[in-house]
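Engineer: Residue numbers (this note's numbering): 15 to 165.
Have a look at the structure that comes next, please.
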């Protein structure tokens, strides 16, 4: 495998990140996302760092993976949790350590921030492969359920 580099996402990555998000939703949840809505959502993060940031994995100048980090304030801990979301690795590059490299970059950034108390993520209940990856990286299942109300 070629050398993989990790960097922060930029506005020029919008089309690829948007495509990845649509593929991920279809693969993991059999959902078809609205292309325009996803593109606007990705651009919104890239234009407003307070919303979060993307981590990009590249090989031979080709984007092969991405993930989104957003922020949650914890009053219990007086610090930020970094939430890892929207993880996608191109099928050709899976099981080759791409996610591990992106995850390591998130960990590096949390430690460098000085006010981050941990990382969190949610994973689809039936996505056993992803759950195994997260456990192997030292993450553990929590005692919390995720609830939502969409508008």
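No residue lacks a Cβ here, since even glycine has one placed at the ideal position from N, Cα and C.
Go through its chain and collect everything with a Cβ distance to residue 45's Cβ below 8 Å, but skip five positions before and after it.
Structural biologist: Here the set comprises 39.
Engineer: Rounded to a whole number of angstroms, what is the C-alpha to C-alpha distance between residue 111 and residue 148?
Structural biologist: Approximately 12 Å between the Cα atoms of the pair.
Engineer: Which of the three DSSP states is assigned to residue 156 in this structure?
Structural biologist: In this structure, residue 156 counts as coil in the three-state DSSP scheme.
Engineer: So the candidates are 131, 152, 104 and 130; which of them puts its Cα closest to the Cα of residue 35?
Structural biologist: Nearest of 131, 152, 104 and 130 to residue 35, Cα basis: 104.
Engineer: State the CB to CB distance for the pair residue 73 and residue 17, rounded to an integer number of angstroms; the pair is presumed to be in contact (CB under 8 Å).
Structural biologist: Their Cβ separation, rounded to whole angstroms, is 7 Å, which keeps residue 73 and residue 17 in contact under 8 Å.
Engineer: Where residue 54 and residue 75 are concerned, what is the direct C-alpha to C-alpha distance, given to the nearest angstrom?
Structural biologist: Cα to Cα, residue 54 sits roughly 24 Å from residue 75.
Engineer: Taking the C-alpha atoms as reference points, what is the distance between residue 28 and residue 56?
Structural biologist: Going from the Cα of residue 28 to the Cα of residue 56 covers about 6 Å.
Engineer: Applying the criterion that 16 or more other CB atoms from any shown protein chain within 10 Å of the CB defines a buried residue, is residue 62 buried or exposed?
Structural biologist: Exposed, since its Cβ has fewer than 16 Cβ neighbours within 10 Å.
Engineer: Where does residue 138 fall in DSSP's three states?
Structural biologist: Reduced to three states, the DSSP call for residue 138 is coil.
Engineer: What are the boundary residues of the alpha helix (DSSP H) that includes residue 122?
Structural biologist: Its alpha helix (DSSP H) spans residues 112 to 127.
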